[in-house]
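Q: Chains as they are written, first to last, in this note's numbering: chain A, 1 to 156; chain B, 1 to 156. Pasting in a structure now, in structure tokens, and then I'll have a few things to ask.
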DNA sequence: CCTAATCCCATTGACGCCCATGATATCCCA
DNA sequence: TGGGATATCATGGGCGTCAATGGGATTAGG
């Protein structure tokens, strides 16, 4: 399955196009739909993105929440109606729709930040600020990751 | 599974390249991605490195945490955006990006220090200082290590 | 018919690929 | 056991290629 790590800052040209980092494109090469799926984060001023397979797994996950329950309603309403399919052009760029740009407050440049199974698009400065906060919180709350396997590792 | 021990000091050339010690490369020979994954250590002025399988297992671990939870957000934000994939060139070297060099205060040379399942890259003098401190602490606090047996534990 | 999106091509600068060198360690055989 | 031959590794540098970017042309769509 696709892996997204690292951060790349690319320019948004006057037509509203951005190059998707070649590394990320390579991670999506297997996919039938050549492009990305993006939706505004309901928590952050960022866009959450991945390949279509990830969107499918999200949908899959929501089916495990009771239909007609408030949780189900909230989640599916927050996630899916504003999600967009953004196909690559010949050079591996996407067009960022107005609504998405506005949500992430994008102007000149866009930062593509890997998040493991998916990635996010940020206004570069906002990303830096957010990362700093997140690191702080992770340290304060002593977040750890239990690793699988015979030995345990903790890294905060 | 890959094993990294011993320390090797190699030169950083003017293009920012360093040879990864042949021993470490050999430990990663099985991997589909020929290169290493590196990210700035949270506590130390060093880079923590391993093969892609290690990063995959990290990602795997984060998928066991609820998506959109604060815990998930903090962890993935602290780990993945600053991690870099560094592929080997034909001679087994990697390019150290500016950001990583800055974090580890690397200039002329880089010390590759095995840490068991992963390894670290240090400014050689800083590594010496750190090792001395660590040895001292280990002795002072009488660190012990439970060996593998019926139940696993990590000592704190 | 006008706007907007897609396609296509050109530029450029970084970095990946290749070869050459020297230094070490290893091996082989006398 | 010594000494030379050889392989391996770390290092340096030149060159080609590809990724990111910009702009013009063509098509679609309202």
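Think of the CB as a built atom: it goes at the ideal place given N, C-alpha and C, for glycine as much as any other residue.
Using beta-carbon positions only, say whether residue 27(A) and residue 120(A) come within less than 7 Å of one another.
A: In this structure, residue 120(A) does not lie closer than 7 Å to residue 27(A) by Cβ.
Q: If you pair each beta-carbon of the region 61-77 of chain B with each one of the region 126-136 of chain A, do three or more pairs fall below 8 Å?
A: As far as the Cβ criterion goes, the region 61-77 of chain B touches the region 126-136 of chain A, which means the pair count is three or higher.
Q: Under 7 Å, Cβ to Cβ, is there at least one residue of chain A near residue 88(B)?
A: False, the Cβ-Cβ gap to chain A never drops below 7 Å.
Q: What is the C-beta distance between residue 100(B) and residue 40(B), in whole angstroms, given that I count them as a contact (C-beta under 8 Å)?
A: Their Cβ separation, rounded to whole angstroms, is 7 Å, which keeps residue 100(B) and residue 40(B) in contact under 8 Å.
Q: Can you tell me whether residue 11(A) sits near the ligand NAD, meaning its C-beta is under 6 Å from at least one heavy atom of the ligand?
A: This structure does not include the ligand NAD; it has no bound ligands of any sort.
Q: If you draw a straight line from the alpha carbon of residue 127(B) to that of residue 114(B), how long is it in whole angstroms?
A: The alpha-carbon atoms of residue 127(B) and residue 114(B) are separated by roughly 12 Å.
Q: Please give the ranges of any beta strand (DSSP E) in the region 74-123 of chain B, keeping only runs that are unbroken, at least 3 residues long and fully inside the region.
A: Listed in chain order, the complete beta strand (DSSP E) runs (minimum 3 residues) inside the region 74-123 of chain B are 84-87, 93-95, 109-114, 119-122.
Q: Quick check: is the beta carbon of residue 147(A) nearer than 7 Å to any beta carbon in chain B?
A: Yes - at least one Cβ of chain B is within 7 Å of the one on residue 147(A).
Q: Nearest by alpha-carbon distance to residue 36(B): which of 123(B), 117(B), 143(B) is it?
A: When only C-alpha atoms are compared, the closest one is 117(B).
Q: Does the beta carbon of residue 143(A) sit closer than 7 Å to a beta carbon anywhere in chain B?
A: By this cut-off, residue 143(A) is an interface position.
Q: Less than 7 Å separating the beta-carbons of residue 29(A) and residue 84(A)?
A: No, the pair does not count as a contact, with Cβ atoms beyond the cut-off.
Q: Among all the DSSP beta bridges, which residues are the ones paired with residue 18(B)?
A: Answer is 12(B), 94(B).
Q: Any beta carbon of chain A sitting closer than 7 Å to that of residue 75(B)?
A: At least one chain A Cβ lies under 7 Å of residue 75(B).
Q: Run down chain A in chain order and give the residues with a C-beta less than 8 Å from the C-beta of residue 55(B).
A: The answer, in chain order, is 3, 5.
Q: Taking C-beta pairs closer than 8 Å, name the residues in chain A that residue 85(B) reaches, listed in chain order.
A: Within chain A, the residues near residue 85(B) are 5, 6, 23.
Q: Is it right to say residue 132(B) is buried, meaning 16 or more other beta carbons lie within 10 angstroms of its own, or is it exposed?
A: The residue is exposed, with fewer than 16 neighbouring Cβ atoms inside 10 Å.
Q: When the cut-off is 7 Å and only beta carbons count, does residue 121(B) lie next to chain A?
A: Judged by the 7 Å Cβ criterion, residue 121(B) is not in contact with chain A.
Q: Determine, using beta carbons only, whether residue 134(A) comes closer than 7 Å to chain B.
A: So, interface residue.
Q: For residue 25(A), collect the residues of the same chain with a Cβ closer than 8 Å to its Cβ; drop the 5 residues on either side in sequence, then sort them by chain order.
A: If we look at residue 25(A) and ignore the five residues flanking it on each side, its Cβ neighbours are 88, 92.
Q: Got a sec? Which residues, its chain only, sit under 6 Å from residue 11(B) by beta carbon, not counting five neighbours each side?
A: Correct list, in chain order: 109.
Q: Here's the rule: buried if 16 or more other CB atoms are within 10 angstroms of the residue's CB, otherwise exposed. What is residue 19(A)?
A: Under this definition residue 19(A) is a buried residue.
Q: Decide if residue 147(B) is buried, meaning its Cβ has at least 16 other Cβ atoms within 10 Å, or exposed.
A: Flag for residue 147(B) reads exposed.
Q: Is it true that the CB of residue 124(A) sits closer than 7 Å to the CB of residue 111(A)?
A: Against a cut-off of 7 Å, the Cβ pair of residue 124(A) and residue 111(A) comes out as a contact.
Q: Quick one, which of 60(B), 6(B), 31(B) has its alpha-carbon nearest residue 3(A)'s?
A: Ranking 60(B), 6(B), 31(B) by Cα distance to residue 3(A) puts 60(B) first.
Q: Can you give me the C-alpha to C-alpha distance between residue 82(A) and residue 95(A), rounded to a whole angstrom?
A: Approximately 15 Å, taken between the alpha carbons.
Q: Per DSSP, residue 39(A) is paired with what?
A: Beta-bridge pairing links residue 39(A) to 48(A).
Q: Would you say residue 126(A) faces chain B, with C-beta separation under 7 Å as the test?
A: No, its Cβ sits nowhere closer than 7 Å to a Cβ of chain B.
Q: Kindly indicate which residue of 142(B), 105(B), 102(B), 5(B) has the alpha-carbon position closest to the one of residue 50(B).
A: Measuring from the Cα of residue 50(B), the nearest candidate turns out to be 5(B).
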